[in-house]
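In what follows, a structure is listed as structure tokens, so that the remarks can point back to it.
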Amino acid sequence: MTHEDTATVSSPFGVGAGWDLHCHTVFSDGTETPRRMVEQAQQQGLEGLAITDHDTNAGWDQARQAAHDLGMPLLPGTEITAQDGRVSVHMLAYLYDPKDPVIAGLFAKTREARLTRTRTMVERISQDYPITWQDVLDQVKEGSKTTVGRPHIADALVKAGIYGDRSQAFAGVCSSKSAYYLPTPSPTTHQVLEAVNHAGGVLIIAHPGAVSRNAVLLSDRQIAALAREGLGGLEVWHRDNPPEQRRRLLALAQRWGLLVTGGSDWHGQGKPNRMGENSTSGEVVARIVDKAQGSRPAAWRN
Ligand SMILES: [Zn+2]
Ligand SMILES: [Zn+2]
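In terms of the UniProt record's numbering, the sequence shown opens at residue 1 and continues consecutively.
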């Protein structure tokens, strides 16, 4: 590989430096608490980190408290699942005001649509299997902040003795290929962008070149449309973006004046991703903070 190639496809920061802007905790599908997450970032000598649980900011208070106690800089964030045409897109929203009515409304609407979707699936399943909506609700152990979904249906089927464990249920009735399956409703990328910008945040597309996750990626044109509407940047340094995608994304970022970020997508024990394996420079983080403050002064500060 030539020097130029190396510079083009590798994050300019080594492991354990800079900021890790993509980390999940028990508030979504990670295995560790926000405090454990902050402790780990500190042990690894990171400059700072972001909490980015899926479709929720419920972990922000705990993360902020831990960051404050340990003297670790923290960006509050959320990884929001959205839809752009046929493409399912993950978007990292940082430093938005969670009390903003537009973004709070967007989250509430998504939660309601997902609840309806799960209920409808259960109605269909209950025609053929002995489970009720109440049986599914009984399986929710994480409290009211959790979105009821397929894992809870699976647990109810296990409880009813239909399957031996959750993964068997996921291979059967709960599979996305099953006749009972309905897709998870999500807002469009444009709705998410509008809401995050309204709430004074900065929006970055997560792993936009993840060929292993998506059959179809966002096109240059789709990214350009979002850039014109005020998109903040692209998460280029992520293990799921292969080198040719990184080159494409860097060129798009340059063309549209987008920030380039990196993150590990850490999930604790839940995935092999190591915290800090990809990162973002302090300089880029400062630009994210500037952008957020420019759109609404210090809305995110406590
Ligand atoms: Zn993601
Ligand atoms: Zn993620």
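Backbone N, C-alpha and C fix where the C-beta goes; we use that ideal spot for every residue, glycine too.
For residue i, the three-state DSSP class (helix, strand or coil)
i, result
"residue 258", "coil"
"residue 76", "strand"
"residue 138", "coil"
"residue 110", "helix"
"residue 173", "coil"
"residue 192", "helix"
"residue 155", "helix"
"residue 20", "strand"
"residue 223", "helix"
"residue 92", "strand"
"residue 205", "strand"
"residue 101", "helix"
"residue 122", "helix"
"residue 316", "Residue 316 lies beyond the stretch modelled for the chain, which goes from 1 to 302, so this question has no answer here."
Environment of residue i [buried if 16+ CB atoms lie within 10 Å]
i, result
"residue 291", "buried"
"residue 165", "exposed"
"residue 108", "exposed"
"residue 3", "Bear in mind that the predicted position of residue 3 carries a pLDDT of just 41, short of 50, making it unreliable; the figure below should be weighed with that in mind. The residue is exposed, with fewer than 16 neighbouring Cβ atoms inside 10 Å."
"residue 254", "exposed"
"residue 86", "exposed"
"residue 38", "buried"
"residue 79", "buried"
"residue 261", "buried"
"residue 243", "exposed"
"residue 32", "buried"
"residue 176", "exposed"
"residue 41", "buried"
"residue 277", "buried"
"residue 63", "buried"
"residue 28", "buried"
"residue 215", "exposed"
"residue 199", "buried"
Euclidean distance between Cα positions of residue i and residue j
i, j, result
"residue 302", "residue 71", "Because residue 302 carries a pLDDT of 42, less than 50, the predicted location of this residue cannot be relied on, and no value is offered for it."
"residue 219", "residue 226", "11 angstroms"
"residue 154", "residue 82", "24 angstroms"
"residue 121", "residue 213", "24 angstroms"
"residue 217", "residue 183", "18 angstroms"
"residue 233", "residue 265", "17 angstroms"
"residue 67", "residue 180", "43 angstroms"
"residue 269", "residue 275", "11 angstroms"
"residue 298", "residue 163", "The predicted model places residue 298 with a pLDDT of 45, which falls under 50 and marks its position as unreliable, so this point remains unresolved."
"residue 245", "residue 251", "10 angstroms"
"residue 52", "residue 34", "10 angstroms"
"residue 156", "residue 267", "25 angstroms"
"residue 257", "residue 188", "23 angstroms"
"residue 281", "residue 18", "5 angstroms"
"residue 241", "residue 247", "10 angstroms"
"residue 273", "residue 60", "22 angstroms"
"residue 293", "residue 99", "16 angstroms"
8 angstroms contact criterion, which residue i and residue j should meet: CB distance rounded
i, j, result
"residue 46", "residue 289", "Incorrect: roughly 17 angstroms between the Cβ atoms, too far for contact."
"residue 222", "residue 106", "Actually they are not in contact, since the Cβ atoms of residue 222 and residue 106 sit about 20 angstroms apart, beyond 8 angstroms."
"residue 75", "residue 285", "7 angstroms"
"residue 229", "residue 193", "5 angstroms"
"residue 203", "residue 231", "6 angstroms"
"residue 279", "residue 20", "5 angstroms"
"residue 103", "residue 195", "4 angstroms"
"residue 22", "residue 92", "7 angstroms"
Item checked: Complete runs of the alpha helix (DSSP H) confined to the region 225-296 [at least 4 residues] -> 243-256 and 282-295
Next item on the list: Note down, one range per segment and in chain order, each alpha helix (DSSP H) of at least 4 residues found wholly within the region 22-88.
Entry: 34-43 and 60-70
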